[in-house]
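Report on the structure given below.
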Amino acid sequence: RTQPEIYKIGFSQCTGGDEWRKTMLNDMKRELTFHPNYTLLYEDAGNSTARQISQVQSLVDQGIDLLIISPNETTPFTKVIEAVFKKGIPVILLDRKIKTESYNAYIGGDNVEIGRLAGTFIGNYLKGRGRVVEVWGLPSSSPAQERHRGFREELRKFPNIRVVKELNGQWERDTVRHVVASELKALKEADVLFAHNDVMALGASEVWKQNGLQHQLDFVGIDALPGPNAGMQAITNGVLRASFLYPTGGEEAIETATRVLEGKSVKREQILNSIQVDASNIRALKAQSDKLLAQQVDIERQSQRIDKLTETYTSQKNTLYFTLAS
Ligand code: FRU
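Numbers in full-length UniProt numbering are just positions in the sequence shown, counted from 1, shifted up by 12.
Below you can see the structure in the form of structure tokens.
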């Protein structure tokens with residue numbers, strides 16, 4: 013009997029340090045347990061475009077059959093990914109985009125739409141009048157550009173809402189803490205701080221609290237990740253006024269990768285749904301996602317158990333063969 017072919021999937025991650033991306037990797041690994049003839053080669057670029065480019069090269073050198081990539085920045089990766097694609101290695105873009113048609117599938121949320129949803133929420137929350145600080149993710153990455161575009165588009169419907177300051181938080185909590193601390197004046201004048209992700213909104217709110225600022229400032233972010241210390245919990249605690257679910261797409265990426273490698277058809281643009289999370293729906297959503305998290309832990313435990321059993325079975329089988337043969 014011939015063994016099934018073993019495929020190597022390379023995954024190049026722009027950074028692996030935050031909870032959202034750890035969740036993405038877990039989502040991938042869980043899906044991989046259903047596809048035993050696939051292995052994952054994983055590289056984490058730690059926010060460095062140069063490092064990520066050389067990691068892509070090293071994945072190609074290791075003979076990957078397919079590349080999944082979340083490119084740190086848009087422009088520098090266009091040529092790199094075109095070259096991989098031209099070699100006949102299928103490419104799946106995850107969460108962040110590039111400016112070329114050289115890919116098999118894009119999987120991610122609709123970031124322009126999420127920006128619009130944030131604009132609508134803030135416009136209505138402020139009853140059409142107020143001042144906003146916008147904290148950007150890395151400006152050269154596609155989700156930041158698209159979230160900004162959608163947000164501003166929507167705010168045009170509210171002529172009495174002004175964005176008084178734009179800050180560059182580069183998606184990172186620590187960067188935001190520095191940037192915001194040097195812009196306290198702008199913060200004092202604002203009614204709402206909108207950050208392109210939750211960790212930045214939370215970082216800003218920490219600075220706000222530490223400086224003992226008195227006037228009301230509301231924080232809005234994006235991701236709405238379940239689990240302790242993340243967006244959903246912050247909405248429950250009243251630290252964030254609202255956030256928007258941004259699914260990781262990890263599971264879909266693996267599923268799509270297996271379909272591509274097995275010659276099946278795939279949808280080229282796979283846009284994952286978002287939803288506004290605020291005081292009105294947080295209880296139901298949190299109950300649901302807590303349950304899902306618990307089930308995922310069960311699945312992971314079961315698959316570890318199966319691995320152990322397989323190991324025991326293999327070694328017993330070998331002993332048996334040995335005994336019969338001697
Ligand atoms: C995580 C993250 C998320 C954000 C996404 C955008 O690294 O910053 O918070 O939604 O990347 O690419």
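Each residue gets a CB set at the ideal place from its N, CA and C atoms; glycine is no exception.
For clarity, every value in this text was computed on a predicted model and none was experimentally measured.
N- and C-terminal bounds of the alpha helix (DSSP H) containing residue i
i	result
residue 278	Element bounds for residue 278: n/a, residue is neither H nor E.
residue 214	210 to 222
residue 97	90 to 98
residue 198	196 to 201
residue 5	In the structure as shown, the chain starts at 13 and stops at 338, and residue 5 therefore has no counterpart that could be examined.
residue 35	31 to 44
Start-to-end residues for the beta strand (DSSP E) that takes in residue i
i	result
residue 180	173 to 180
residue 245	Per DSSP, residue 245 belongs to no beta strand (DSSP E); it is in the alpha helix (DSSP H), 243 to 248.
residue 235	Careful: residue 235 lies outside any beta strand (DSSP E) and carries neither H nor E.
residue 79	78 to 82
residue 205	204 to 207
residue 226	No beta strand (DSSP E) holds residue 226; DSSP gives it neither H nor E.
residue 24	19 to 25
Residue j beta carbon less than 7 Å from that of residue i
i	j	result
residue 283	residue 122	yes
residue 85	residue 61	yes
residue 319	residue 255	no
residue 55	residue 69	no
residue 219	residue 193	yes
residue 118	residue 129	no
residue 27	residue 59	yes
residue 1	residue 144	The chain is shown only over 13 to 338; residue 1 falls outside these bounds and no answer can be derived.
residue 116	residue 124	no
residue 22	residue 79	yes
residue 166	residue 131	yes
residue 135	residue 170	yes
residue 270	residue 278	no
residue 248	residue 294	yes
Residue i versus the options, residue with shortest Cα-Cα distance
i	options	result
residue 297	204, 81 and 238	238
residue 292	178, 240, 112 and 252	252
residue 195	249, 300, 53 and 146	146
residue 215	45, 190 and 228	190
residue 81	266, 290, 134 and 306	266
residue 260	338, 37 and 18	37
residue 160	206, 227 and 277	206
residue 137	24, 229, 91 and 101	229
residue 163	175, 153 and 152	175
residue 286	258, 268, 18 and 25	258
residue 186	20, 26, 30 and 19	30
residue 312	39, 246, 17 and 25	39
residue 64	49, 78, 72 and 83	83
residue 281	17, 248, 109 and 127	109
residue 52	268, 200 and 20	20
residue 33	304, 326, 183 and 227	183
residue 288	243, 314, 308 and 305	243
residue 158	197, 180, 173 and 208	208
residue 100	77, 294, 305 and 275	77
residue 7	177, 75 and 71	There is simply no residue 7 to check, as the chain begins at 13 and stops at 338 in what is shown.
residue 73	57, 112 and 96	96
residue 315	47, 24 and 35	47
residue 262	249, 25 and 17	25
residue 153	50, 87, 226 and 278	87
residue 246	225, 276, 275 and 290	290
residue 151	45, 168 and 181	181
residue 274	50, 188 and 302	50
residue 227	241, 234, 217 and 57	217
residue 236	338, 112, 317 and 212	212
Report the residue ranges of all alpha helix (DSSP H) runs contained in full by the region 107 to 170; include only those spanning at least 4 residues, in chain order.
Considered as a whole, the region 107 to 170 harbours 123 to 137 and 154 to 167 as its complete alpha helix (DSSP H) runs of no fewer than 4 residues, in chain order.
Inset, instruction - Only counting runs of 4 or more residues, tell me where the alpha helix (DSSP H) segments fall wholly within the region 252 to 328, in order along the chain. - result: DSSP runs (the alpha helix (DSSP H)) wholly in the region 252 to 328: 262 to 273.
Exercise. Identify every run of the alpha helix (DSSP H) within the region 50 to 75, keeping only runs that are complete inside it and at least 4 residues long; order them along the chain.
Key: Secondary structure within the region 50 to 75: the alpha helix (DSSP H) runs of 4 or more consecutive residues, fully enclosed, are 61 to 73 (chain order).
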